[in-house]
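Read top to bottom, the protein sequences are chains P and C.
Sequential numbering from 0 applies to the first sequence in numbering that gives the first Met the number 0.
Sequential numbering from 0 applies to the second sequence in numbering that gives the first Met the number 0.
Yeah, the Cβ is synthetic: ideal placement off N, Cα and C, and Gly gets one too.
Bear in mind the structure is a predicted one, so any value in this text is a computation, not a measurement.
2 protein chains.
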Amino acid sequence: MAVVDIQQVLLQLFVLISFAMAAAVVCKLVKVPTVIGEILVGIIIGNTGLFGALQLGTDAQVFEVFKQLGVIFLLFAVGLVTPFSELRKVGKTAFIVASLGVVVPFIGGFLFMTVLGYGFIPAMFVAAAMVATSVGITARVIGDMGLSDAIESRVIIGAAVIDDVLGMLVLAMVVGIAGGSGSDIAQTAIVAIEGVIFVIAVIIIGGMVIPKVRKVREKKVDVEHPIRTKSPLLSPLPIALVVCFGLSYVAGTFGLAAIIGSFLAGMAFAEFQDRWPCKEKFEPINEFLVPFFFIFVGVQVQLSSFNDILLLGLALTALAIVTKIIGCGLGARSLGGKSAMIVGVGMAPRGEVGLIVATIGLGMGQVTNVTYSIVVFMSLATTLAAPAMLSYAFKAKIKKKHIEKHIEKEDDDGQLKFRDR
Amino acid sequence: MAVVDIQQVLLQLFVLISFAMAAAVVCKLVKVPTVIGEILVGIIIGNTGLFGALQLGTDAQVFEVFKQLGVIFLLFAVGLVTPFSELRKVGKTAFIVASLGVVVPFIGGFLFMTVLGYGFIPAMFVAAAMVATSVGITARVIGDMGLSDAIESRVIIGAAVIDDVLGMLVLAMVVGIAGGSGSDIAQTAIVAIEGVIFVIAVIIIGGMVIPKVRKVREKKVDVEHPIRTKSPLLSPLPIALVVCFGLSYVAGTFGLAAIIGSFLAGMAFAEFQDRWPCKEKFEPINEFLVPFFFIFVGVQVQLSSFNDILLLGLALTALAIVTKIIGCGLGARSLGGKSAMIVGVGMAPRGEVGLIVATIGLGMGQVTNVTYSIVVFMSLATTLAAPAMLSYAFKAKIKKKHIEKHIEKEDDDGQLKFRDR
């Protein structure tokens with residue numbers, strides 16, 4: 000049985016939370032999302048003597064769990080403000096946004112690497128890393144701005160879920176091709192199809208079954224135990240935790256990311272918000288755990304390798320942002336120009352998803368260390384750039400709205416679309 | 000860098016929380032504190048194939064941290080409802096309760112083991128394990144009953160803190176004697192004295208300095224930044240976490256238990272409850288983490304070894320409860336008979352503190368496996384018995400109070416005292 004030095008963990012928690020708190024104060028003063036401060040804290044810890052001084056390596060297991068729980072609970076909270084019924088409203092737009100947001104960056108990344116003289120399979124890996132959106136960053140920025148229920152936010156979150164599934168499909172494809180055998184492709188295709196079926200099934204079942212279950216339960220409770228609603232046998236939080244961990248685990252068994260499961264669990268729980276209110280209960284838990292996710296995303300950055308690949312990294316970053324804005328913006332053009340821009344920018348951060356793809360390619364020996372570093376640079380640069388860009392895009396729209404109010408809507412939607420893109 | 004299987008952790012969390020939730024429902028139906036259900040869940044997991052099936056051994060580090068954070072946050076929450084000013088009111092009584100609650104069980108345990116033919120040092124170890132109260136169990140029961148601000152609760156919690164320091168002093172003494180060298184005793188005595196000074200210093204400094212700091216801060220804020228109170232730069236939760244982890248760590252460096260630090264941190268924060276309200280924020284965090292403490296207290300129980308030592312274990316359990324009731328009850332006699340009984344019963348559970356003492360003795364080769372098992376049995380039996388006894392004692396008093404109200408306080412305190420003990 001592994002023993003853990005609790006004294007050491009207490010010191011680590013004390014230092015990490017102190018740093019995150021200091022970063023949050025600075026971020027609030029200079030008015031940038033606190034998530035940037037948390038990632039920078041991670042970068043500082045990971046690239047100075049602090050990581051060693053704090054002996055974070057010996058407790059890697061513990062902080063990996065904190066990090067993962069942070070992102071799982073974050074997506075659960077995002078799901079909580081996205082009921083099934085609402086998602087269906089933006090379903091079609093989100094699907095188009097996700098599809099074009101996968102196709103355009105993939106083609107862009109593949110052509111870019113091919114033009115630079117890279118081989119077919121390395122180019123495919125970089126292209127695959129260009130595909131998947133890290134919804135965590137965007138969700139946090141949206142949450143910090145209090146815009147979780149804006150139509151653009153829902154499209155982004157909805158598209159990011161579909162995008163994750165599509166991105167996985169692309170990755171499965173690339174890994175299958177890189178692996179080389181025909182049976183591998185068939186197997187990975189099956190895994191990918193299972194994933195798609197899982198997500199669609201949960202959304203359809205959730206959207207159709209839950210309202211009916213609700214009605215039956217409510218009737219039962221009212222007739223049999225009218226007092227129970229005052230002193231419930233079941234507390235909302237453990238139920239929410241069980242559903243969240245359960246669906247996250249099931250998502251994992253389908254080869255999907257755990258966060259897809261927790262997001263779906265949050266969506267399911269959103270339908271029971273009046274019966275089992277748990278949004279307020281997850282807020283302090285997330286305030287405690289979510290910073291660990293972003294700190295440790297930062298910790299994994301190796302600044303030393305960035306000197307060699309700065310130019311190529313910047314070029315790929317620009318391409319990654321532009322292709323998402325074009326692809327997702329095209330998909331969201333029905334919402335109007337400013338909103339399409341918000342969606343495109345919101346889908347831009349690759350974060351940990353890009354890093355995972357790069358790691359798989361490196362692990363398979365299909366991409367070199369330099370190529371890996373370029374993808375890491377792109378993932379982080381889009382992640383660092385997106386919050387500022389997103390909050391700027393949102394503010395531009397909010398300002399516009401205020402102006403529109405004063406001039407009593409002189410502009411029509413068509414005009415806006417053309418002028419903004 | 001150690002890797003952790005997140006899928007496995009998600010499954011473990013799902014199963015553990017499901018079990019705890021089911022146990023909580025059963026406990027609510029049969030009206031016993033949910034903490035008993037959680038410990039029983041742990042005993043079931045630890046003594047069946049479930050521990051292996053869930054592969055809890057491979058993630059021992061992670062769940063050890065969850066367990067420790069659970070008890071640290073629990074004591075912080077207890078501290079939150081125990082401001083310094085309030086503790087000073089019960090300070091004298093609590094000190095007498097703690098002192099007699101250490102002396103009587105120590106002498107009782109030592110005589111019992113000596114009469115049974117045990118040697119001097121094993122008898123000293125068992126006696127030391129009889130001393131320390133596990134305040135966690137009692138704090139939870141009190142919390143479940145909504146009686147955290149009852150005078151008896153404060154005496155118990157206050158006495159348990161002093162008791163922990165005294166218990167440590169006794170343990171340091173016993174370890175010093177068992178170790179054999181004169182310099183060891185001197186060193187352990189220094190450690191023990193440091194601990195006492197630390198706790199007393201924090202309480203005195205906290206009680207005297209914080210109110211003055213408050214006044215200065217409030218004046219400053221009102222004059223310079225009158226708007227800041229609406230949108231504070233600092234969120235209460237991170238401040239509370241930093242203070243909690245910081246003081247827990249400092250307590251550890253003084254050789255004290257981390258929970259003493261977190262309790263003192265909670266007390267300090269209680270003075271700022273109006274400025275940085277965080278009681279409501281710790282409730283969901285504790286609802287998530289505290290069950291892990293009690294589940295893993297249960298997991299460590301080895302039922303198989305209990306056959307051999309059942310009779311001796313029961314005898315020591317009875318002695319442990321009776322000596323605490325006599326010692327602490329005598330100390331609390333000024334509160335009245337029923338209240339003295341509550342304090343005595345509330346100080347009875349030994350829980351993890353008794354287990355720690357037994358483990359140290361076993362590790363030093365000074366107690367045999369059988370003696371160790373007897374102490375483990377006693378620790379658990381007092382822990383399992385105390386909640387039911389405590390809630391019974393509280394209910395008896397509450398009922399009495401209702402009757403008293405109706406007969407308009409015919410009984411005087413003196414009469415009550417004699418009749419109840």
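Item                                                                                                                                                                                                : Value
Determine, using beta carbons only, whether methionine 20 of chain P comes closer than 8 angstroms to chain C.                                                                                      : yes
Anything in chain C within Cβ reach of phenylalanine 124 of chain P, meaning under 8 angstroms, just list it in chain order.                                                                        : The contacting residues do not exist; phenylalanine 124 of chain P stays about 22 angstroms from chain C at best.
Serine 17 of chain C touches chain P at which residues, Cβ-Cβ below 7 angstroms?                                                                                                                    : Val241
Mind reading off the beta-carbon distance from phenylalanine 293 of chain C to glutamate 37 of chain C? Whole number of angstroms is fine, and I expect it under 8 angstroms.                       : 4 angstroms
Can you check whether the CB of glycine 69 of chain C is closer than 8 angstroms to the CB of isoleucine 244 of chain C?                                                                            : According to the sequence provided, residue 244 of chain C is phenylalanine. The question's isoleucine does not apply to it. Not closer than 8 angstroms, so no.
What's the gap between the Cα of phenylalanine 13 of chain C and the Cα of glycine 118 of chain C?                                                                                                  : 47 angstroms
Less than 8 angstroms separating the beta-carbons of leucine 99 of chain P and glycine 330 of chain P?                                                                                              : yes
So which residues on chain C does glutamate 63 of chain P lean against when the C-beta distance must stay under 7 angstroms?                                                                        : Val3
Using a C-beta to C-beta distance shorter than 7 angstroms, which residues of chain P count as neighbours of valine 8 of chain C?                                                                   : Val64
Are the C-beta atoms of valine 140 of chain P and some chain C residue less than 8 angstroms apart?                                                                                                 : no
Kindly say whether isoleucine 325 of chain C, judged by its beta-carbon, lies nearer than 8 angstroms to any beta-carbon of chain P.                                                                : no
Would you tell me roughly how many angstroms separate the C-alpha atoms of valine 101 of chain P and isoleucine 320 of chain P, rounded to the nearest one?                                         : 12 angstroms
In chain C, which residues lie with their C-beta within 8 angstroms of the C-beta of isoleucine 284 of chain P?                                                                                     : Pro283, Ile284, Phe287
Taking 8 angstroms as the threshold (beta carbon to beta carbon), is alanine 257 of chain C in contact with chain P?                                                                                : yes
Have a look at glycine 48 of chain P and valine 366 of chain P and give me their C-alpha separation to the nearest angstrom.                                                                        : 29 angstroms
Applying a beta-carbon distance threshold of less than 7 angstroms, which residues of chain C neighbour serine 303 of chain P?                                                                      : Ordered by position in chain C, no residue passes the 7 angstroms Cβ test against serine 303 of chain P, which lies about 18 angstroms from the chain.
Within a Cβ cutoff of 7 angstroms, which residues of the same chain sit near phenylalanine 18 of chain P, ignoring the five residues on either side of it in sequence?                              : Val40
Compute the beta-carbon to beta-carbon distance between glycine 166 of chain C and valine 130 of chain C, rounded to the nearest angstrom, for a pair I have assumed lies under 8 angstroms.        : 5 angstroms
Give me the chain P residues within the contact set of valine 40 of chain C, using Cβ-Cβ distance strictly less than 9 angstroms, ordered along the chain.                                          : Going along chain P, no residue has its Cβ under 9 angstroms from valine 40 of chain C, so there is no contact; the nearest lies around 13 angstroms.
Could you give the uninterrupted runs of the alpha helix (DSSP H) lying entirely in the stretch 331-368 of chain C, keeping only those of 4 residues or more?                                       : 336-345, 350-362
Let me know if isoleucine 16 of chain P comes out buried or exposed under the rule of 16 or more other beta-carbons within 10 Å of its beta-carbon.                                                 : buried
Between the alpha carbons of lysine 27 of chain C and valine 154 of chain C, how many angstroms are there, rounded?                                                                                 : 27 angstroms
Could you pull out every residue in the same chain whose Cβ sits closer than 6 angstroms to the Cβ of phenylalanine 50 of chain P, ignoring the five residues on either side in sequence?           : Ile44
Give, in chain order, every unbroken run of the alpha helix (DSSP H) that is at least 4 residues long and sits entirely within the stretch 262-335 of chain P.                                      : 278-298, 309-330
Checking 8 angstroms against the spacing of the C-beta atoms, do phenylalanine 75 of chain P and serine 333 of chain P come in under that value?                                                    : no
Can you find a C-beta in chain P that's less than 8 angstroms from the C-beta of phenylalanine 197 of chain C?                                                                                      : no
With a threshold of 6 angstroms on Cβ separation, who are the neighbours of phenylalanine 109 of chain P within its own chain once the five nearest residues in sequence on each side are excluded? : Ala122, Ala126
To the nearest angstrom, how far is the alpha carbon of proline 276 of chain P from that of isoleucine 95 of chain C?                                                                               : 45 angstroms
Please list, in chain order, the residues of the stretch 51-80 of chain C that have any C-beta partner in chain P closer than 9 angstroms.                                                          : Gly56, Thr57, Asp58, Ala59, Gln60, Val61, Glu63, Val64, Phe65, Gln67, Leu68, Ile71
Going straight from the alpha carbon of serine 111 of chain C to that of isoleucine 341 of chain C, what length do you get?                                                                         : Looking at the sequence itself, residue 111 of chain C is phenylalanine, so the reference to serine does not match. Near 25 angstroms, if we compare the C-alpha coordinates of isoleucine 341 of chain C and phenylalanine 111 of chain C.
Would you mind sorting tyrosine 371 of chain C into buried or exposed? The rule is 16 or more other CB atoms within 10 Å of its CB.                                                                 : buried
For isoleucine 389 of chain C, which of C:Val77, C:Gln54, C:Phe124, C:Ile136 has the nearest alpha-carbon?                                                                                          : A small fix is needed here, since residue 389 of chain C is leucine in this sequence, not isoleucine. Measuring from the Cα of leucine 389 of chain C, the nearest candidate turns out to be C:Ile136.
List, in chain order, every chain P residue whose beta-carbon is nearer than 9 angstroms to that of phenylalanine 253 of chain C.                                                                   : Here the premise fails: no neighbours, minimum Cβ distance about 11 angstroms.
DSSP three-state call for glutamine 54 of chain C: helix, strand or coil?                                                                                                                           : coil
Apart from the five residues just before and just after valine 61 of chain P, which ones in its own chain have a Cβ nearer than 8 angstroms to its Cβ?                                              : Val3, Val8
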